[in-house]
Structures are given as C-alpha cells and as structure tokens.
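Student: So that we are looking at the same thing, I have put the structure below in structure tokens.
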Amino acid sequence: MDNAQKIFPACFVEFPPEAERQRCAFYLAAEEYIAQNFPEDYYVFSWQIGPTALLGRNQTLHKEINFDFCKQHGIDVLRRKSGGGTVYADWGNLMTSLITPAGSVEPIFTAYVHQISDGLNRIGAPTEVSGRNDITLKGGGKICGNAFYHLARHNIVHGTMLHDTQMDLMIGALNPDPDKLESQGVKSVRSRIALLKDYLPFGVDVLRQKMRLILTDRSVKLTVDDLAEIRKIEATYYTQEMIFGQTSKATTVCSDRIEGCGRVEFSITLRGSIIDDLRLGGDFFEVGEKPAEASFQEALIGLPFSREEITDRLNELKPQANIRRLEAKEVLHILFHNINEKNT
C-alpha cells in the first residue's frame, strides 16, 4: 500500500456555519487543535479566507510584504508555522489542510501533493507536480503552493488552490518595493501563475465540494466547545512577535547626502521586522536640546519597519528640530530606498 492509499480517503472535519468565513489564523489554529485533541486519524478540511498575505515561518516581513499597502487595503498579514514562501490568498482561493499522526513527513507531503494534483486532473484541470512543493498547469503557471510542519507527534500539511484572485491586491501585497513593482508590472507576475477558473467550468464552491469527495469518505463535526478552544490558539497568531518575527538580528547601514544638511547615516538593527537598535552618524549639525541619536532612538526603536508607522512617528519627532534642514521625507528616503536596494 502506497502512502496516498494509506492516507486517503481521510476524515473530513466539518465546521459549524458560524465558523465559516473566518480569518486565516482561525483555520491555522484549528489545525493545531485537531492535532492535539482529536483521536489519531487522518483529517482533512477546506477553508476560504478574505484577502491575506501569509508569511512562511522563517521569512522577514519587510522583505516579502508591502505592509503599508496591506494596511491600506484591509489585507490581513499573518505568519504561519510552516516553512516555504509568502503567499497571497482571498475568497477566490481554496485552502486545504491535512493533519496526520506522527511519521516521516516527506512521504506524507509527497502523497498529499500528488493526491491534490491527481484530483484536479480528474475534474478537468491538467496539472502536474513541479519542484519541491508546487502544482502547476501542464505547460502553464503555478496554481498550488504547499507547505508542512511538525506539531506534538503530528504532521500538518496545508496548501492553496488558485481558482481566481484579485490580481492587483496580490501584486501590491507581495512586493515590498514600489519601484520594482512599477518596473516589473502585472504581466511578469501574471505569467508565473495560472487560474483554475480558466480550466474548470464551475466556481470555487463547486471545486470545494468536488475536492472533498476526492479526499475524504467520512466526517466529524466541531462543537461549540471546540471553537472556543480554537479561538484561544487563534489569538497567539496576532502577537507582534509572531507577525513581525523573532529571526536573528541583522544590521543595515544606509546613508545619503542631503542638500543643506550634510551626510546622514543610519545604522538600523532589525529583529525580524522590528527596529531593535538605531545608531546615527554623519556630518550634519544638531539643533535640538538633547543628542539627535537619542531622540531618534526614543522615537523609532520598537516600531515595525513600516513606512506608515515610521512616518507617523517622524511627524511627531520633527527631524528638523533635531538636525538642521533634515525633513521627515528625507529620513524616509534614506531608510526605505537604501534598504529596498540592498534587498534586491
């Protein structure tokens, strides 16, 4: 018996009506809850979410996501506990989760990816497994990305199926550098992905029903008590440390010469995407009552490395009150232009 035959058909987890259309973290929390509390078995459930930018476990937020764009457009920003790259999902995506007992994750992951691809072929989408974790249309772009992690003697595998999407939101959310976005444009991103809607004669709701029949043959229902416990886990996904990361510290030096001000140099240490330390140097003239470096440290240390957050704080600080002829817009240019260039 191969791994796919051992795992599938699995047991489908049914959510009460009030648990549909939740934020992404709720369903990630549900994976954990099922792994920790349900009898040993192979469980599958599917879910849909509003616009969400979902980081991989070890990624740095400001290098992968335009956080300010996400805030402005109501896109949820979240970090999952599995590895892999950042994905964007919205109501046009179908998300699928598999929870298994302990075992070697590689054959389980392989079985899952091939089962999804085989299922899509059966319903009319000519797909194949590509690379380490993707499913692509034969001769076309990527339609599924998948990832996994270990949890308390269990394995959790999850992935996306791209039926349709709001392309402008996807591109804006996943590109932290506006200049790069303008130069690459929509066409380059669109050429790397495919949409199942172009191959299937039905919508995402029918896709969800068909994939349930392919992947499962029995079901179990979550209770009100289950939902309450899932909510507790969900809250842990929205801490600042979880979203912005606890990766090792990295220091970037960025500087520029400002007309009438002189050279201004910031040495920024980031812990994940949180400003952990800041040093200030250059040949500028200080005009404040206390050292300019101390003023900038008080204003910026502890903030997410977000243009919007830093802009608000600089407007309160008024750089020109600390350094002669240094405006907030020039500080922003030094920080974000230089760091974006270093990340390309």
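Quick note: the sequence shown uses the working numbering, first residue 54, plus one each step.
No residue lacks a Cβ here, since even glycine has one placed at the ideal position from N, Cα and C.
Exposed or buried, what is G225 when buried is set at 16 or more other beta-carbons lying within 10 Å of its beta-carbon?
Tutor: Counting Cβ neighbours within 10 Å, G225 comes out buried, since at least 16 surround it.
Student: Tell me, which residues are paired with W100 by DSSP?
Tutor: M148, per the DSSP bridge assignment.
Student: Please specify which runs of the beta strand (DSSP E), each continuous and at least 3 residues long, are wholly inside the segment 235 to 288, giving them in chain order.
Tutor: You should have 269 to 274.
Student: Does the segment 345 to 357 come into contact with the segment 141 to 156, if we say contact requires no fewer than three beta-carbon pairs (one atom in each stretch) closer than 8 Å?
Tutor: No: fewer than three Cβ pairs fall under 8 Å.
Student: Which of helix, strand or coil does DSSP assign to K233?
Tutor: Its pLDDT being 49, under 50, K233 is placed unreliably in this model, and the value from its coordinates should be taken loosely. K233: helix per DSSP, three-state reduction.
Student: According to the Cβ coordinates, are G212 and C197 closer than 7 Å?
Tutor: Yes, the pair counts as a contact, with Cβ atoms nearer than the cut-off.
Student: What distance in whole Å lies between the Cβ atoms of E282 and Y86, which are believed to be in contact at a cut-off of 8 Å?
Tutor: Indeed, because the Cβ distance is near 6 Å, the residues count as touching under 8 Å.
Student: How about H216 and L260: do their beta carbons lie closer than 7 Å?
Tutor: Yes, Cβ-Cβ distance for H216 and L260 is below 7 Å.
Student: Drop a sphere of 10 angstroms on the beta-carbon of K233, count the other beta-carbons inside from all chains shown, and report buried for 16 or more, exposed for fewer.
Tutor: Unreliable positioning characterises K233 in this predicted model, as indicated by a pLDDT of 49, which lies under 50. The coordinate reading is nonetheless provided below. The residue in question, K233, is exposed, as its Cβ has fewer than 16 Cβ neighbours within 10 Å.
Student: For the segment 136 to 143 against the segment 203 to 211, are there 3 or more C-beta pairs whose distance is under 8 Å?
Tutor: No: fewer than three Cβ pairs fall under 8 Å.
Student: In this structure, how does DSSP classify M54 when only helix, strand and coil are distinguished?
Tutor: Per-residue confidence for M54 stands at a pLDDT of 44, beneath the threshold of 50, marking its modelled position as unreliable; no derived number is given.
Student: Going straight from the alpha carbon of R74 to that of G325, what length do you get?
Tutor: Taking the straight line joining both Cα atoms gives about 30 Å.
Student: Is DSSP giving L333 helix, strand or coil here?
Tutor: Correct three-state label for L333: strand.
Student: Note down, one range per segment and in chain order, each beta strand (DSSP E) of at least 3 residues found wholly within the segment 133 to 200.
Tutor: Listed in chain order, they are 140 to 142, 146 to 154, 180 to 183, 187 to 190.
Student: Okay, do the segment 293 to 308 and the segment 108 to 122 touch, 3+ Cβ pairs below 8 Å being the bar?
Tutor: Because the criterion of three Cβ pairs below 8 Å is met, the segment 293 to 308 and the segment 108 to 122 touch.
Student: Evaluate F338 with the Cβ neighbour count: other Cβ atoms within 10 Å of its Cβ, from every protein chain shown; 16 or more gives buried, anything less gives exposed.
Tutor: It counts as exposed.
Student: Buried or exposed: where does T397 fall if 16 or more other Cβ atoms within 10 Å of its Cβ makes it buried?
Tutor: Confidence at T397 is low in this model, with a pLDDT of 48, below 50, so the placement of that residue should be treated as unreliable; the coordinate-derived value is given next. T397 comes out exposed.
Student: Please state the DSSP three-state secondary structure of R366.
Tutor: If DSSP states are grouped into helix, strand and coil, R366 belongs with the helices.
Student: Skipping 5 residues on each side, what residues in its chain have a beta carbon closer than 6 Å to that of P372?
Tutor: Closer than 6 Å at Cβ, skipping near neighbours: L379, A381, V384.
Student: Report all residues from its chain with a CB closer than 6 Å to the CB of N199; omit the five preceding and five following residues, and keep chain order.
Tutor: Closer than 6 Å at Cβ, skipping near neighbours: V166, N186, G212.
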